[in-house]
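Protein chains: 2
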Amino acid sequence: MQLPKLNDKSYLIAPQPDRIGLTRTITGVDHTGLEAEHSVVEERPLTIFLNKREIVTAMTISDYPEYLALGFLRNQGMLRPEEDITGVDFDEELETVVVRTAQETDYEDKLSKKTRTSGCAIGTVFGDMMEGLADVSLPEVPVKVSDLYTLSSKINRTPSLYLEAGAIHGTVLCQGDQPLVYMEDVGRHNAVDKIAGWMLQSQTDGADKILYTTGRLTSEMVIKCAMMGIPTLVSRSGFTAWGVDIARQVGLTLIGRLKGQRFVCLSGEGRLIRDAKAAAFPEEDPRQQRKGSKT
Amino acid sequence: MQLPKLNDKSYLIAPQPDRIGLTRTITGVDHTGLEAEHSVVEERPLTIFLNKREIVTAMTISDYPEYLALGFLRNQGMLRPEEDITGVDFDEELETVVVRTAQETDYEDKLSKKTRTSGCAIGTVFGDMMEGLADVSLPEVPVKVSDLYTLSSKINRTPSLYLEAGAIHGTVLCQGDQPLVYMEDVGRHNAVDKIAGWMLQSQTDGADKILYTTGRLTSEMVIKCAMMGIPTLVSRSGFTAWGVDIARQVGLTLIGRLKGQRFVCLSGEGRLIRDAKAAAFPEEDPRQQRKGSKT
């Protein structure tokens, strides 16, 4: 990369593209017949247990298995905000994380009923997420457009697995114009769940935060953001109709296709403070653009 | 779109971007404060049953629910190739598809055991997919590079939901230089599963086919392609290390980052017939590039 790199001291958690085990070198042959080495992301299965119950197997880059487990369970509504979590145990060899709670959770009881009546609980996961939303109330927080431009520029210039290897999504917890926690994973949902796990562990409140993601704004992404109590969700990518519907329902400020000086606000437009003249922020340098081949 | 459009008569199934219910018009406000209308993809939940057992709820654009259900179950190894399927019933109001088989399937038995012992079956889905691979043997089929270039160009010029609304993945079943069945969905897995469902229904053999996808080549995508008996998998996007490992294990020709005249072959390079001088095929017109904002 020829671009000036951002000093990552400002992050609480920044990507660690050089960390051993996250990527591997693989040899391929290009269109001209030449062999070339590629730095490629490693994915591994991770099975998440809630107490004695096996809940899901996720494909992940395995950098923060404990945060992923906590965040997944929290975003699915399987852990209440006030839950007494007595342990989070990662076993690298077995590729499992067990989250333990002081009391058997509601979800386990619900799951066991579902299991008896209609078989597997996979189908209930989505219903539970929508149920969890009923209790969510998001604060009416203003959002400066200049902050969005600054965040986008800072995040794109941060050294990351994406810049190193590609084929990965990123999600960043931000405050004002400052990115704080930058998580990456093969699936965009995992990256968001890892942030949720970090927030739960560090007891961080979402009310004054902005969530930035490289992935599309589907219903699930919007629901997760609302479950995390974050009133503003921003993406470089597009959006689905249901994602927009849910954002409008729960009062979330939803911004899609943020690239350079352009964006589309789909929900909560009244909260935008248009303090930046778009012309003052340049179009993205093509080398900064995430989408598109690294080669 | 200013580009010349491909005559889609050559497809057995082409995208229907104008079909009612697939998109909706949503009003947003852009970076200059102007209101603009956007054509946005609709996603809906679809719950898939195998006989009396609820298996999964997928978020889908709902254009081919029956193919999605059949293909999902087949790619998970829950339906054997020789299974006697007695019915596939879609209920639009309940948002369910029920796939019925003459005999109770092995999977139901396995699921019920898992349910008793370790709770929910979600975690077994991946294990089952890997198990299913043991029986897969892919034929040693040559692949012409000129066909890959022609396919890529034809597919990018085909009118699609992506060109209409964005935020969607496409997967295309091809033979030689001819795209045959072009499916789109919010998740890349759904688009592949719909192709698998069509292949099962129409008893189409994968041995002489090429599978093209816009999505990344993760382990799950490679496993699905192998389960479909298709020896060649091609993507515009990147790849993960495990995706490459599995392709090499099962003898699948794996090609990533196919854009214009460029690509990387990660597995099965010996089968490539380099019959095209790259220079004869132009770089992609920026307007043809899928990745990047539509706006």
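First to last, the protein sequences are chains G and H.
The first sequence begins at 1 in my numbering and counts up by one.
The second sequence begins at 296 in my numbering and counts up by one.
Think of the CB as a built atom: it goes at the ideal place given N, C-alpha and C, for glycine as much as any other residue.
Treat the numbers as computed from the prediction; the structure is a model and nothing was measured.
Query                                                                                                                            : Result
Exposure label - L46 of chain G; buried when at least 16 CB within 10 Å                                                          : buried
Counted within 10 angstroms of its Cβ, other Cβ atoms place K504 of chain H as buried (16 or more) or exposed                    : buried
Neighbourhood of L567 of chain H by C-beta distance below 7 Å, restricted to the same chain and skipping five residues each side : V438, V440 and C560
Cα-Cα separation, A191 of chain G to T240 of chain G                                                                             : 19 Å
Spatial distance of A331 of chain H from L468 of chain H (CA atoms)                                                              : 35 Å
Pair within 8 Å by beta-carbon distance, L211 of chain G and R74 of chain G                                                      : no
Minimum Cβ-Cβ distance from I417 of chain H to chain G less than 8 Å                                                             : With a pLDDT of only 37 at I417 of chain H, under 50, the local geometry of the prediction cannot be trusted, and the value read off the model is given with reservation. I417 of chain H counts as touching chain G.
Three-way DSSP call (helix, strand, coil) for M199 of chain G in this model                                                      : helix
Minimum Cβ-Cβ distance from R24 of chain G to chain H less than 8 Å                                                              : yes
Any chain G beta carbon closer than 8 Å to D325 of chain H                                                                       : yes
Separation of S514 of chain H from N451 of chain H, as counted between CA atoms                                                  : 25 Å
In DSSP terms, what P474 of chain H is bridged to                                                                                : H:C469
Backbone CA spacing between A14 of chain G and E435 of chain H [nearest angstrom]                                                : 44 Å
Runs of beta strand (DSSP E) lying entirely within the region 205 to 262 of chain G, each at least 3 residues, in chain order    : 210 to 213, 232 to 235 and 253 to 259
Same chain, Cβ closer than 8 Å to R44 of chain G, five either side skipped, listed in chain order                                : M59, T60, I61, S62 and E95
Pick from H:V335, H:T445 and H:I343 that is closest to D570 of chain H, judged by C-alpha positions                              : H:T445
Cutoff 8 Å: V481 of chain H Cβ touching any chain G Cβ                                                                           : yes
Start-to-end residues for the alpha helix (DSSP H) that takes in E361 of chain H                                                 : P360 to N370
Residue span of the beta strand (DSSP E) that contains I463 of chain H, given as start and end                                   : Note, I463 of chain H: premise wrong, no beta strand (DSSP E); not H, not E.
Cα-Cα separation between E459 of chain H and E337 of chain H, rounded to whole angstroms                                         : 12 Å
Residue-level contact to chain H via CB, K113 of chain G, 8 Å cutoff                                                             : Any answer about K113 of chain G is weak, because its pLDDT of 38 lies below 50 and its placement is not dependable; what the coordinates show is given next. Chain H, which has no Cβ nearer than 8 Å to the Cβ of K113 of chain G, makes this no.
Neighbourhood of C520 of chain H by C-beta, 6 Å cutoff - its chain only, sequence neighbours within 5 removed                    : L506 and L528
Alpha carbon of V98 of chain G to alpha carbon of R53 of chain G, nearest angstrom                                               : 9 Å
7 Å Cβ shell around R543 of chain H - same chain, five flanking residues per side excluded                                       : S562
Beta-carbon proximity check, L365 of chain H vs G492 of chain H, cutoff 8 Å                                                      : yes
Beta-carbon proximity of V88 of chain G to E104 of chain G, cut-off 8 Å                                                          : no
Alpha-carbon to alpha-carbon, R483 of chain H and L161 of chain G                                                                : 22 Å
Boundaries (first-last residue) of the beta strand (DSSP E) holding S334 of chain H                                              : E330 to V336
Length of the line joining the Cα atoms of H274 of chain H and L549 of chain H                                                   : Only positions 296 to 590 of chain H appear in the structure, and residue 274 of chain H is not among them; the question remains open.
Cβ-Cβ separation, K489 of chain H to Y359 of chain H (assumed contact under 8 Å), whole Å                                        : 5 Å
Coarse secondary structure for S137 of chain G, derived from DSSP in three states                                                : coil
Counted within 10 angstroms of its Cβ, other Cβ atoms place D84 of chain G as buried (16 or more) or exposed                     : exposed
Same chain only: Cβ atoms within 8 Å of Q175 of chain G, ignoring 5 sequence neighbours per side                                 : D208, K209 and I210
Where the beta strand (DSSP E) through V380 of chain G begins and ends                                                           : There is no way to answer for residue 380 of chain G, as the model of chain G reaches only from 1 to 295.
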